[in-house]
Structure formats: structure tokens, C-alpha cells
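The structure under discussion appears below in the form of C-alpha cells.
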Amino acid sequence: MGYLAVWKVLEEMILEFRKKDIKVPAEVMDNLKSARTMIKILKADPSRGETMQKIEEYLSEVESYLISEGQKNFGAEYVDKWLKKLDEASMRIPDLEEEETRFVPGLPREQRWIRVKPSAELPIEKLKALAEESNLLCELQSDCCLLVYGDGERLKEFVKKMAKK
0 MGYLAVWKVL
10 EEMILEFRKK
20 DIKVPAEVMD
30 NLKSARTMIK
40 ILKADPSRGE
50 TMQKIEEYLS
60 EVESYLISEG
70 QKNFGAEYVD
80 KWLKKLDEAS
90 MRIPDLEEEE
100 TRFVPGLPRE
110 QRWIRVKPSA
120 ELPIEKLKAL
130 AEESNLLCEL
140 QSDCCLLVYG
150 DGERLKEFVK
160 KMAKK
């Protein structure tokens, strides 16, 4: 299943809802964000089977909400259009999915990076220590997220360590 492709379709659908002034509950947005995080974890460590199960749970919860709200607000034709897009996205081969890259000012082009939001289980201090163990650099951003960057393989190692904690 092309998890990233499905995620992008659901994100697109939420953007369309917002353009039409339809509120999307925080819980649905949290599930979409969690699915994205789990997709990144899956890319770093594909051997963890429970990760795929969690991704599918999060995506299906978001999809269920959006489809039912779409049906109420826009009708069957609208829902059919989005279901077709979701079906096409789910059929994509994951290896062929383009990797999303974004520009981060001040980082050399060859550096890979990830933003991590601290939690009760992984406070800033632990995240910094994990980054240092993996020989990565990190900096605290204004929104309290930690930007961790460095070599791509070391970054994967960092994500694996984070997932185990």
C-alpha cells in the first residue's frame, strides 16, 4: 500500500474542507500527523510490523471521518471522486513514491533532517542525547521542536533509537 500517497490525498481533502470553511476536529488532525510520523518510522525500520498496523489505523480513522463529512456536506458525487483518488493512491508501489524534501535555511544541501516534537516520554534532553549518540547535530526551533540533522544513515539510526524508547 502506498501509505504516503494515501496520506497526501487525505491531506488534500482536509485542505479542501478548510477552503470551504468546514472545521476538521483536532483528533482527526492528530491522527493524520501520527500517520505521517509512523510512515517515517516505517521507512527507517521496515522490519517493525506493528508500525504498518498503526499507520493503517490512523489513515482509516481520518478517511472515515472525511468521507462521512464529505457525504453530509457535498453529496455522493464528491465522495466518489475522493474514494477513486484514495483507491489509486493505495495501489501505488511504495518504492516508487517520491521522497518529500524541503528546504531548511542554514543547512548544507547534503544534510538530511527531521523535526521532532518533545513529549513526556522523550523530553528535549533525551532527544539531544540520542542525537549526539548518533553523531548528529540538533537545534531547538522557536516552536519547541528539535531540528536534528546530519548523515542520512545516522538519521535513520536516530529514528530507530527514538522508536525503541
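0 is the number of the first residue of the sequence shown in numbering that gives the first Met the number 0; add one for each residue after it.
Positions of the beta carbon are idealized from the N, C-alpha and C atoms, including for glycine.
### Message
What would DSSP say about Lys-19, mapped onto helix, strand or coil?
### Response
DSSP, reduced to helix, strand and coil, places Lys-19 outside both helices and strands of the structure shown, so it counts as coil.
### Query
Could you give the distance in angstroms between the alpha-carbon of Leu-136 and the alpha-carbon of Lys-83?
Near 43 Å, if we compare the C-alpha coordinates of Lys-83 and Leu-136.
### Query
Touch check for the segment 48 to 65 and the segment 4 to 22: three-plus C-beta pairs under 8 Å?
Contact between the segment 48 to 65 and the segment 4 to 22 is present, because at least three Cβ pairs lie under 8 Å.
#### Entry: C-alpha distance - Gln-140 paired with Leu-3, whole-angstrom precision
The alpha-carbon atoms of Gln-140 and Leu-3 are separated by roughly 26 Å.
### Query
Where do the N-terminal and C-terminal ends of the alpha helix (DSSP H) with Arg-153 fall, by residue?
It spans 151 to 163 - the alpha helix (DSSP H) in which Arg-153 sits, taken as one unbroken run.
#### Entry: Sequence-distant residues of the same chain with beta carbon closer than 8 Å to Arg-35, five excluded per side
Counting only Cβ-Cβ distances below 8 Å, and skipping sequence neighbours, we find Trp-6.
### Three-state class that DSSP yields for Leu-3 in the structure shown
Reduced to three states, the DSSP call for Leu-3 is helix.
#### Entry: Whole-angstrom distance between Lys-42 and Glu-152, CA atom to CA atom
It is roughly 12 Å from the alpha-carbon of Glu-152 to the alpha-carbon of Lys-42.
### Message
Check for me: the alpha helix (DSSP H) holding Glu-124 runs from which residue to which?
### Response
First-last of the alpha helix (DSSP H) with Glu-124: 123 to 132.
### Task
Work out the CA separation of Ile-40 and Ser-33 for me, nearest whole Å.
Spanning the two alpha carbons is a distance of roughly 10 Å.
### Task
Determine the contact status of Gly-69 and Tyr-57, defining contact as a CB-CB distance below 8 Å.
Contact flag unset, no.
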